[in-house]
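Novice:
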Amino acid sequence: MNQSLQNSQLSSWRKPYRGMLRLWLYDLGCVSFIATAGLGLALGILCLVIGKTDIVSLVFSMATVSTAAAIAWQLNRLAASELTGLIPNYQQLVLVQAVTIAVGMLLIQLLVCIAFAAYDVIPRLLLGIVVSLLFIWACLWRSNSFHLSFLLFVSVPFIDNLAFHIPTWLMLATIAALLFRVIPLCRQLSWNNEARVVHLNAVQMGWMWLPSIKRFTWITRVERLFHPMNFFIGPVLMVMLLCLPLITLGLMLLSWLFDIDVPSLFLLAQFSVISCAIVHWSRIQRWRAAETLFLLPSYSGLSGLRNAFYRSQYRFIAVLVVMVSVLCFINSLIDPQYDGVFILHLGLSTFWGCAIMLGIGSASRNSLQATAAMLIVLVHSVVVSLSFAALRDGNSIFVWLVIDAALVLIGIGVLAWGKKRLWINGITTP
């Protein structure tokens with residue numbers, strides 16, 4: 022009997038990638054990070070092929086930290102599930118798959134950099150590995166650290182600026198020290214209730230922890246502007262709207278005081294679109310609450326609910342556009358290169374990015390469609406980053422205004438199309 026069990030376990034260990042696609046690509050939380058990493062890798066290779074090398078390190082760093090976030094998600098999921106200790110070799114198989122994904126991603130990036138002689142990207146890759154390992158170590162140390170995953174992505178622009186100020190030997194030594202700490206913690210991973218709470222909260226709230234704002238009654242009044250769009254996400258939406266300008270102003274002040282180049286406006290525009298993605302993420306995660314929303318005495322049937330949801334999305338877009346434009350104007354007082362034309366461009370790009378994101382999000386009815394909708398974030402990121410590069414090189418911004426005008430029309434159309442697709446099969450389905 023024991024011999025049969027040992028043979029079964031040995032046979033299982035000889036197939037370490039069994040169930041890998043189901044585990045990594047069918048889990049909504051994991052596949053969102055994996056998809057972002059894959060898109061970052063593909064975009065970086067494409068940029069090298071066409072000669073646009075100025076943003077390669079940025080998207081490669083995004084791919085690296087996204088891979089780390091996916092691995093941290095799976096490690097937290099292991100600690101949140103009783104299956105870890107019940108299924109033989111389950112934990113070992115997940116760890117082998119995680120190492121394979123991490124090593125595969127880094128080897129591909131390294132080989133691509135060598136093939137295209139982009140050697141200046143390699144130090145940034147090393148710093149990205151340091152940041153990624155720090156995040157994984159923090160998540161293994163305390164499961165609550167996963168709530169800070171948004172800081173992992175905020176760090177990406179700083180990686181690009183700091184890499185050449187840190188000696189290579191120091192980064193390699195730090196990687197070795199972190200691996201020395203992370204590997205034993207992975208082997209000792211066991212179930213804990215904190216990880217379970219983090220996993221449930223992460224699924225429902227888009228992996229972000231934000232403080233309660235219930236004590237501020239004036240904020241609840243402002244929240245009514247976005248009803249019923251914010252019904253599924255709750256006060257988290259309002260807290261994001263408060264945090265975005267405050268963090269941006271802080272980064273602007275940091276840039277001005279220490280004379281460092283922090284892409285605060287770029288980050289603001291990106292997180293504005295991401296906040297729109299989180300709106301429909303929450304709707305899909307909590308789709309059963311749609312029946313409660315429908316029963317509220319505020320709408321004339323399902324058509325009235327769709328119209329109210331559609332109008333509230335436009336109000337949300339208007340607030341984001343005004344916020345981005347005002348902060349861009351404030352930054353222009355410090356840096357005169359951000360003139361009125363660029364402020365108009367950034368406002369319009371925020372409009373079409375948010376409109377397309379909300380429109381496709383409205384049409385999404387399952388996890389895979391919601392994940393695919395995140396492509397809009399990447400497209401918006403590329404367009405905005407290229408316009409910033411054009412401004413830095415002294416090129417005309419009017420070309421980007423023409424692109425914005427076309428994309429604004431597309432955004433309006435996509436938002437109207439999403440309204441028709443929202444709850445197309447009734448409120449009993451996502």
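With the sequence shown counted from 1, adding 21 to any position gets you my numbering.
C-beta: ideal position from N, C-alpha, C; glycine also.
Which same chain residues end up closer than 6 Å to leucine 432 when comparing Cβ atoms and leaving out the 5 residues on each side of it in sequence?
Specialist: Note that residue 432 corresponds to glycine in the displayed sequence, not to leucine. Counting only Cβ-Cβ distances below 6 Å, and skipping sequence neighbours, we find Trp373, Ala376 and Ile377.
Novice: Only counting runs of 4 or more residues, tell me where the alpha helix (DSSP H) segments fall wholly within the stretch 287-375, in order along the chain.
Specialist: List check, alpha helix (DSSP H) in window: 311-316 and 322-355.
Novice: Given this structure, state the Cα-to-Cα distance separating leucine 317 from alanine 329, to the nearest angstrom.
Specialist: When rounded, the distance between both Cα atoms is 12 Å.
Novice: How many Å lie between phenylalanine 185 and histidine 401 at the Cα?
Specialist: Each residue's Cα considered, the two are about 28 Å apart.
Novice: Restricting to Cα atoms, I'd like to know which of Phe179, Thr88, Phe253 and Leu436 is closest to methionine 126.
Specialist: Methionine 126 has its Cα closest to that of Thr88, out of Phe179, Thr88, Phe253 and Leu436.
Novice: Would you mind sorting alanine 347 into buried or exposed? The rule is 16 or more other CB atoms within 10 Å of its CB.
Specialist: The displayed chain sequence assigns valine, not alanine, to residue 347. Valine 347 comes out exposed.
Novice: Could you give the distance in angstroms between the alpha-carbon of arginine 98 and the alpha-carbon of arginine 217?
Specialist: Arginine 98 and arginine 217: Cα-Cα distance of roughly 8 Å.
Novice: Among residues of its own chain, excluding the 5 on either side of glutamine 95, which ones have a beta-carbon nearer than 7 Å to its beta-carbon?
Specialist: Closer than 7 Å at Cβ, skipping near neighbours: Cys51, Val115 and Ala119.
Novice: Taking the alpha-carbon of isoleucine 351 as reference, which of Phe315, Val340 and Ser285 has the nearest alpha-carbon?
Specialist: When only C-alpha atoms are compared, the closest one is Ser285.
Novice: Just checking: is the beta-carbon of glutamate 103 within a distance shorter than 8 Å of some beta-carbon in chain D?
Specialist: No chain D appears in the structure shown, which is made up of a single protein chain.
Novice: Does the distance from the CB of valine 340 to the CB of leucine 263 come in under 8 Å?
Specialist: Not closer than 8 Å, so no.
Novice: Have a look at Leu407, Leu326 and Ile424 and flag the residue whose alpha-carbon is nearest the alpha-carbon of glycine 447.
Specialist: It is Leu326 whose Cα lies nearest to the Cα of glycine 447.
Novice: Taking the alpha-carbon positions, what's the threonine 450 to tryptophan 444 distance?
Specialist: Looking at the two C-alpha atoms, the distance is approximately 7 Å.
Novice: What does a CB cutoff of less than 6 Å around leucine 399 pick up in its chain, not counting 5 residues either side in sequence?
Specialist: Closer than 6 Å at the Cβ level, and outside the excluded window around leucine 399, lie Leu60.
Novice: At the level of alpha carbons, what is the spacing between isoleucine 71 and leucine 289?
Specialist: Cα-Cα distance, rounded: 28 Å.
Novice: Under a three-way DSSP split, which group does glutamine 113 fall into?
Specialist: The answer is helix: DSSP assigns glutamine 113 an H, G or I state.
Novice: According to DSSP, simplified to helix, strand and coil, what is isoleucine 143?
Specialist: Note: isoleucine 143 maps to helix in three-state DSSP.
Novice: Contact defined as beta carbons within less than 8 Å: I believe serine 153 pairs with threonine 85. What is the distance between those atoms, to the nearest angstrom?
Specialist: Indeed they touch by this definition, with Cβ atoms about 6 Å apart.
Novice: Figure out for me which residue from Ile268, Leu267 and Ser296 has the closest Cα to the Cα of isoleucine 254.
Specialist: Isoleucine 254 has its Cα closest to that of Ser296, out of Ile268, Leu267 and Ser296.
Novice: Within 10 Å of its beta-carbon, does phenylalanine 292 have 16 or more other beta-carbons around it, so buried, or fewer, so exposed?
Specialist: So phenylalanine 292 ends up on the buried side.
Novice: Could you check the C-alpha separation between valine 160 and alanine 101 for me, to the nearest Å?
Specialist: According to the sequence as given, residue 160 is cysteine; it is not valine. Cysteine 160 and alanine 101: Cα-Cα distance of roughly 12 Å.
Novice: Does DSSP classify proline 37 as helix, strand or coil?
Specialist: Residue state, collapsed to three classes: coil.
Novice: Determine the direct distance from the alpha carbon of phenylalanine 137 to that of leucine 430, and round the result to whole angstroms.
Specialist: Answer to the nearest angstrom: the Cα atoms are 38 Å apart.
Novice: Please report how far the alpha carbon of phenylalanine 247 lies from the alpha carbon of leucine 155, in whole angstroms.
Specialist: In a straight line, the C-alpha of phenylalanine 247 is about 37 Å away from that of leucine 155.
Novice: Please confirm whether glycine 453 and glycine 322 have their CB atoms less than 8 Å apart.
Specialist: There is simply no residue 453 to check, as the chain begins at 22 and stops at 451 in what is shown.
Novice: What is the residue span of the alpha helix (DSSP H) that histidine 401 lies within?
Specialist: Counting along the chain, the alpha helix (DSSP H) containing histidine 401 begins and ends at 396-413.
Novice: Here's a check: name, in chain order, each residue in its chain whose Cβ is nearer than 6 Å to the Cβ of asparagine 213, leaving out the five neighbours to either side.
Specialist: Ala100, listed in sequence order.
Novice: Spatial neighbours of isoleucine 187 within its chain, please: CB distance less than 6 Å, with the 5 preceding and 5 following residues excluded, ordered by chain position.
Specialist: None.
Novice: Determine whether the beta carbon atoms of phenylalanine 177 and phenylalanine 287 lie at a separation below 8 Å.
Specialist: Inspection of the sequence shows that residue 177 is occupied by valine rather than by phenylalanine. The answer is no: Cβ separation not under 8 Å.
Novice: Does the beta-carbon of leucine 64 have 16 or more other beta-carbons within 10 angstroms, so that it is buried, or is it exposed?
Specialist: Flag for leucine 64 reads buried.
Novice: What is the DSSP secondary structure of methionine 229, counted as helix, strand or coil?
Specialist: Residue placement at methionine 229 cannot be trusted, given a pLDDT of 47 that sits under 50; what the coordinates show is reported in the next sentence. It is coil, neither helix nor strand.
Novice: Where does valine 283 sit, in a helix, a strand or coil, going by DSSP?
Specialist: Coil, per DSSP.
Novice: Quick check on the burial criterion: 16 or more other C-beta atoms within 10 angstroms. Buried or exposed for proline 205?
Specialist: Proline 205 comes out exposed.
Novice: Can you round the beta-carbon distance between alanine 139 and leucine 44 to whole angstroms, since I take them to be within the 8 Å contact cut?
Specialist: Not a contact, Cβ separation roughly 33 Å.
Novice: Drop a sphere of 10 angstroms on the beta-carbon of serine 197, count the other beta-carbons inside from all chains shown, and report buried for 16 or more, exposed for fewer.
Specialist: Before going further, note that residue 197 is alanine rather than serine in the sequence given. Classification of alanine 197: exposed, given that the 10 Å Cβ count is below 16.
Novice: I need the DSSP call for alanine 138, collapsed to helix, strand or coil.
Specialist: Reduced to three states, the DSSP call for alanine 138 is coil.
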